[in-house]
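Going down the list, the sequences are from chains A and B.
0 is the number of the first residue of the first sequence in numbering that gives the first Met the number 0; add one for each residue after it.
0 is the number of the first residue of the second sequence in numbering that gives the first Met the number 0; add one for each residue after it.
Reviewing the structure listed below.
There are 2 protein chains.
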Amino acid sequence: METDSSLAILAALGHPTRLDAFRLLVRHEPDGLSTGQLVEASGLTQSTFSTHLAVLVKAGLVLPEKRGRQQIQRANIKALKDLMLFLAKDCCQGRPELCEPLVAELICC
Amino acid sequence: METDSSLAILAALGHPTRLDAFRLLVRHEPDGLSTGQLVEASGLTQSTFSTHLAVLVKAGLVLPEKRGRQQIQRANIKALKDLMLFLAKDCCQGRPELCEPLVAELICC
DNA sequence: AATTATCATCGGAAATTTACGATCAATCGT
DNA sequence: ACGATTGATCGTAAATTTCCGATGATAATT
Numbered sequence: 000m001e002t003d004s005s006l007a008i009l010a011a012l013g014h015p016t017r018l019d020a021f022r023l024l025v026r027h028e029p030d031g032l033s034t035g036q037l038v039e040a041s042g043l044t045q046s047t048f049s050t051h052l053a054v055l056v057k058a059g060l061v062l063p064e065k066r067g068r069q070q071i072q073r074a075n076i077k078a079l080k081d082l083m084l085f086l087a088k089d090c091c092q093g094r095p096e097l098c099e100p101l102v103a104e105l106i107c108c
Numbered sequence: 000m001e002t003d004s005s006l007a008i009l010a011a012l013g014h015p016t017r018l019d020a021f022r023l024l025v026r027h028e029p030d031g032l033s034t035g036q037l038v039e040a041s042g043l044t045q046s047t048f049s050t051h052l053a054v055l056v057k058a059g060l061v062l063p064e065k066r067g068r069q070q071i072q073r074a075n076i077k078a079l080k081d082l083m084l085f086l087a088k089d090c091c092q093g094r095p096e097l098c099e100p101l102v103a104e105l106i107c108c
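Here it is as structure tokens:
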């Protein structure tokens with residue numbers, strides 16, 4: 000994964016509203032949630048949340064899917080995986096000994 | 000790890016200057032780099048970079064250490080690990096089947 | 001066809017971030 | 001003690017982000 004798309008993902012998740020929304024979508028995989036449900040959960044205005052959602056979509060973290068006049072949003076787990084691999088490479092590639100306990104702790108989850 | 004500190008880490012890494020600096024520090028573990036070396040690598044002004052560095056330190060991603068009149072900066076690998084565990088929990092806790100390929104790919108690195 | 005529901009986009013205000021030069025504090029070398 | 005080096009902090013201007021109400025576009029309902 001290139002650093003630019005990782006950067007976009009990090010920036011997208013670096014806001015409470017967007018992080019909450021993404022985590023909520025992960026918990027609702029693979030059904031997803033409509034934009035309206037996400038708006039309600041956020042407690043923000045529809046237009047305000049729409050711009051946040053656009054950031055997540057642009058970063059590739061959320062995959063919108065048209066269903067009727069609703070817009071179903073789904074978390075892109077692969078994007079999350081790619082980000083984690085990108086982060087892991089930083090410490091594992093250069094310093095494998097630093098990565099060992101990290102992976103060990105991940106396996107048990 | 001609480002979501003607030005994860006949020007701070009994500010926001011801190013969501014800027015090219017700070018992401019670059021952090022990755023550079025990871026590659027220089029465990030020796031670290033002086034602030035001046037980081038400034039030079041960033042190509043920014045000393046004062047500008049100093050504010051970026053403060054964000055990284057506040058998020059706990061970088062651990063400063065006084066040495067003479069220099070300030071040695073070191074990457075906090077544990078903070079990175081905690082972030083990855085936080086992200087992994089989102090998809091693993093709710094949906095273990097989503098996490099399996101993620102962990103599998105991490106192990107090989 | 002008209003109305004309603006869902007969601008994106010526009011326009012603009014307020015807040016925050018980013019960037020810089022200048023200054024200050026601390027430490028080192030002379 | 002004095003000057004030089006290192007890096008944090010202050011003041012501030014420009015850019016970006018965040019938030020909202022209003023408007024538009026599209027699709028379902030009546």
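For glycine and all other residues, C-beta sits at the position ideal for the given N, C-alpha and C.
For Glu39(A), which three-state DSSP category applies? Counting from one through the first sequence, the residue named residue 39(A) turns up at place 40. Of the three classes helix, strand and coil, the one that applies to Glu39(A) here is helix, per DSSP.
Starting from the C-beta of Gly59(B), find all residues in its chain whose C-beta is less than 8 Å away, skip the five residues before and the five after it, and write them out in chain order. As a working note, residue 59(B) is residue 60 in the second sequence. Here the set comprises Ser4, Ala7, Ile8, Asn75 and Ala78.
Cβ distance (whole Å) where Phe21(A) is taken to contact Leu32(A) below 8 Å: On the first sequence, position 22 is the one that residue 21(A) refers to. On the first sequence, position 33 is the one that residue 32(A) refers to. Wrong, their Cβ atoms sit about 11 Å apart, outside the cutoff.
Counterpart residues of Ile71(B) in DSSP-defined beta bridges: Locating residue 71(B) in the second sequence gives position 72, where the first residue counts as 1. DSSP output for Ile71(B) lists Ser33(B) and Glu64(B) as bridge partner(s).
Using a Cβ-Cβ cutoff of less than 8 Å, which residues in the same chain neighbour His51(A) once the five nearest sequence positions on both sides are dropped? Stepping through the first sequence from its first residue, residue 51(A) is reached at position 52. Here the set comprises His14, Thr16, Arg17, Ala20, Ser41 and Leu43.
Leaving aside the five residues before and after Leu37(A) along the sequence, list all residues of the same chain whose C-beta is less than 8 Å from its C-beta, in chain order. Mapped onto the first sequence, residue 37(A) falls at position 38. Here the set comprises Ala20, Leu23, Leu24, Phe48, Leu52 and Gln72.
Using the three-state DSSP reduction, which class does His27(B) fall into: helix, strand or coil? Working through the second sequence from its first residue, we reach residue 27(B) at position 28. Note: His27(B) maps to coil in three-state DSSP.
Chain-ordered neighbours of Asp89(A) on chain B, where CB pairs are closer than 9 Å: Counting from one through the first sequence, the residue named residue 89(A) turns up at place 90. What Asp89(A) touches in chain B: Phe21, Arg22, Val25, Arg26, Ala74 and Leu79.
Mapping DSSP to helix, strand and coil, what is His51(B)? Working through the second sequence from its first residue, we reach residue 51(B) at position 52. In the structure shown, His51(B) sits in a helix (DSSP, three-state: H, G or I).
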